[in-house]
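Each residue of the sequence shown is one higher than the one before, counting from 1 in UniProt numbering.
Structure first, commentary second.
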Amino acid sequence: SPAISSKLKRKIAVRRRRKQKKETQHIQLYSLGVACARLSNKNNKATLYTRVAMLPCPPFSTTQPRFDMNTCMGRSFYFFSTINPLLCFETAESLKRHKELLDRAAGGGVTGVSDRKLWKARTAVEICIHPTTGDVIFPLFRMCAFLPVNSFVVPFMMSPTTIASPVLTTLIQWFNQSYNCAVNYANRSSDKQPISELSRAYVAAVGVSVSGALGATAMLNRVKSGTFKATVVRAVLPFTAVSAAAIVNLALMRKNEWMSSGTGLQVVDEDGEVRGYSRVAGMQSLVMCSVTRITWNLIAMVLPLLAMRPLLSRCAAARARPVLCETVLQISSLAVGVPLALGAFRTTVSVSANSLEPEFHGLKRKDGQPVCEFTYYKGL
Numbered sequence: 001s002p003a004i005s006s007k008l009k010r011k012i013a014v015r016r017r018r019k020q021k022k023e024t025q026h027i028q029l030y031s032l033g034v035a036c037a038r039l040s041n042k043n044n045k046a047t048l049y050t051r052v053a054m055l056p057c058p059p060f061s062t063t064q065p066r067f068d069m070n071t072c073m074g075r076s077f078y079f080f081s082t083i084n085p086l087l088c089f090e091t092a093e094s095l096k097r098h099k100e101l102l103d104r105a106a107g108g109g110v111t112g113v114s115d116r117k118l119w120k121a122r123t124a125v126e127i128c129i130h131p132t133t134g135d136v137i138f139p140l141f142r143m144c145a146f147l148p149v150n151s152f153v154v155p156f157m158m159s160p161t162t163i164a165s166p167v168l169t170t171l172i173q174w175f176n177q178s179y180n181c182a183v184n185y186a187n188r189s190s191d192k193q194p195i196s197e198l199s200r201a202y203v204a205a206v207g208v209s210v211s212g213a214l215g216a217t218a219m220l221n222r223v224k225s226g227t228f229k230a231t232v233v234r235a236v237l238p239f240t241a242v243s244a245a246a247i248v249n250l251a252l253m254r255k256n257e258w259m260s261s262g263t264g265l266q267v268v269d270e271d272g273e274v275r276g277y278s279r280v281a282g283m284q285s286l287v288m289c290s291v292t293r294i295t296w297n298l299i300a301m302v303l304p305l306l307a308m309r310p311l312l313s314r315c316a317a318a319r320a321r322p323v324l325c326e327t328v329l330q331i332s333s334l335a336v337g338v339p340l341a342l343g344a345f346r347t348t349v350s351v352s353a354n355s356l357e358p359e360f361h362g363l364k365r366k367d368g369q370p371v372c373e374f375t376y377y378k379g380l
């Protein structure tokens with residue numbers, strides 16, 4: 001009948017709208033899935049980072065980001081492109097050329113250069129040059145070096161042989177915290193700190209990390225190998241030690257930003273004018289950076305070991321090469337977990353004026369309007 005036909009048409013139209021909305025919402029996730037699937041093809045030699053870089057390229061902008069930085073997915077795509085290990089090979093000379101190209105693009109004097117090349121130049125400048133100091137970051141201390149360095153550190157640290165040996169445990173924990181200290185300092189969000197403060201932060205982080213890891217060694221030697229309890233000890237205790245040390249390292253390295261005796265973190269108003277330094281902003285930055293480190297350590301250190309037990313019971317290839325399988329899981333977890341953890345928070349954070357110290361309340365902008373919002377660079 002006409003009534004049934006009309007009702008059926010409405011149902012079809014509703015279903016079509018829902019399907020279109022769902023496809024729009026998941027277009028970025030689908031693109032990432034395609035990139036991962038192509039990565040698994042042995043005949044395809046492109047890396048995951050190359051695939052992310054080959055996603056649809058919007059028109060270049062010197063002020064707007066390539067990806068939607070208001071969403072976790074957009075920020076994760078951004079960090080997938082920024083931890084590309086190839087950025088480690090950017091030199092001061094190549095970065096200078098990138099900056100000159102971007103300066104010409106800002107002035108409208110660039111012709112014959114693709115948007116993709118301009119985005120690549122901007123990514124290199126943003127990752128390899130500190131946004132506050134303007135210094136070129138040493139290649140191994142850039143975030144793009146995190147994956148290749150930790151592809152060695154994490155499998156070595158989580159190896160049963162290492163955990164069972166106090167000497168190897170101490171050595172790898174010392175190396176890891178030394179590297180983390182250098183990365184935190186190179187990517188700090190404020191100006192230089194005295195060497196004495198950096199030394200105290202470094203010693204404290206090494207002490208926390210080594211003591212926690214040695215505790216894991218002592219417990220693991222008392223637990224029967226191959227049991228679920230041994231797996232939990234091997235996964236959780238090193239993760240706890242590394243995460244606690246990372247937070248201590250970060251807190252002491254940047255104590256000038258959040259402690260009452262410090263100066264705070266630089267904040268700017270809606271006009272881009274520096275209006276002072278806020279310790280509240282520094283504390284917020286510390287909390288967000290700490291959560292980021294806990295998240296990627298959880299993904300890279302705990303989840304692969306827990307996933308190994310069902311793999312060993314169901315997969316003959318995993319049983320034949322357990323060390324290789326575990327290493328692949330750890331490196332894959334690093335490649336995915338680090339961008340997702342970094343994408344959880346914005347690098348440039350907006351905060352309302354009322355949530356900062358009283359001296360930031362009631363300030364006026366250049367046009368006489370009240371300052372309602374400040375922004376600050378969170379750091380990594």
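Note that beta-carbon positions come from the ideal geometry of N, C-alpha and C, so glycine has one too.
| Item | Value |
| --- | --- |
| Lys-366 burial status per 10 Å Cβ neighbour count (16 or more: buried) | exposed |
| Top-ranked residue by Cα proximity to Val-113, from Leu-87, Pro-59, Tyr-277, Arg-275 | Pro-59 |
| Supposed contact pair Val-268 and Phe-374 - C-beta distance, whole angstroms, cut 8 Å | 7 Å |
| DSSP state of Glu-373 mapped onto helix, strand, coil | strand |
| Inter-stretch contact at 8 Å, needing at least 3 Cβ pairs: the stretch 57 to 74 / the stretch 319 to 337 | no |
| Extent of the continuous beta strand (DSSP E) to which Arg-122 belongs | Premise fails: Arg-122 lies in the alpha helix (DSSP H), 115 to 128, not in any beta strand (DSSP E). |
| Rounded Cβ spacing between Cys-57 and Arg-104 (contact assumed at less than 8 Å) | Cys-57 to Arg-104, Cβ: 19 Å. No contact. |
| Close-in-space but distant-in-sequence residues of the same chain around Leu-334 (CB under 7 Å, 5 per side omitted) | Leu-147, Asn-150, Ser-151, Val-154, Ala-300 |
| Lys-96 burial status per 10 Å Cβ neighbour count (16 or more: buried) | exposed |
| Buried versus exposed, by CB contacts within 10 Å (16 or more), Gly-368 | exposed |
| When Ala-218, Thr-240, Leu-102 are compared against Ala-164, the one with the closest alpha-carbon | Ala-218 |
| Segment limits, beta strand (DSSP E) that includes Gln-266 | 265 to 268 |
| C-beta contact flag for Leu-87 and Ala-121 at 9 Å | no |
| C-beta contact flag for Glu-326 and Leu-252 at 9 Å | no |
| Distance between Thr-161 and Val-167 (C-alpha atoms, nearest Å) | 11 Å |
| Sheet register partners of Val-136 (DSSP bridge) | Ile-129 |
| Span of the alpha helix (DSSP H), counted from its first residue to its last, around Ser-355 | Looking at the DSSP string, Ser-355 is not in any alpha helix (DSSP H), and its letter there is neither H nor E. |
| Candidates Gln-266, Arg-309, Pro-65, of which the one nearest Ser-225 by Cα | Arg-309 |
| Gln-25 to Thr-71 span [Cα, whole Å] | Confidence at Gln-25 is low in this model, with a pLDDT of 47, below 50, so the placement of that residue is unreliable and no value is reported for it. |
| Contact set for Leu-102: own chain, Cβ-Cβ below 8 Å, skip 5 residues either direction | Thr-62, Leu-118, Ala-121, Arg-122, Val-125 |
| Buried or exposed by the 16-neighbour rule on C-beta atoms within 10 Å, applied to Ala-316 | exposed |
| Assigned exposure category for Glu-257 - 16 Cβ within 10 Å defines buried | buried |
| Phe-239 burial status per 10 Å Cβ neighbour count (16 or more: buried) | buried |
| N-terminal and C-terminal residue of the alpha helix (DSSP H) that Gly-337 is part of | 322 to 342 |
| Close beta carbons around Gly-215, own chain, < 7 Å, minus the five adjacent residues each side | Leu-237 |
| Beta-carbon proximity of Ala-281 to Met-158, cut-off 9 Å | no |
| N-terminal and C-terminal residue of the beta strand (DSSP E) that residue 415 is part of | There is simply no residue 415 to check, as the chain begins at 1 and stops at 380 in what is shown. |
| Distance CB(Leu-342)-CB(Ser-76) smaller than 9 Å | yes |
| Helix, strand or coil at Val-349 [DSSP, three-state] | strand |
| Sub-9 Å separation of Ser-260 and Tyr-376 beta-carbons | no |
| Candidates Leu-340, Val-338, Leu-305, Pro-339: closest to Leu-324 by CA position | Leu-305 |
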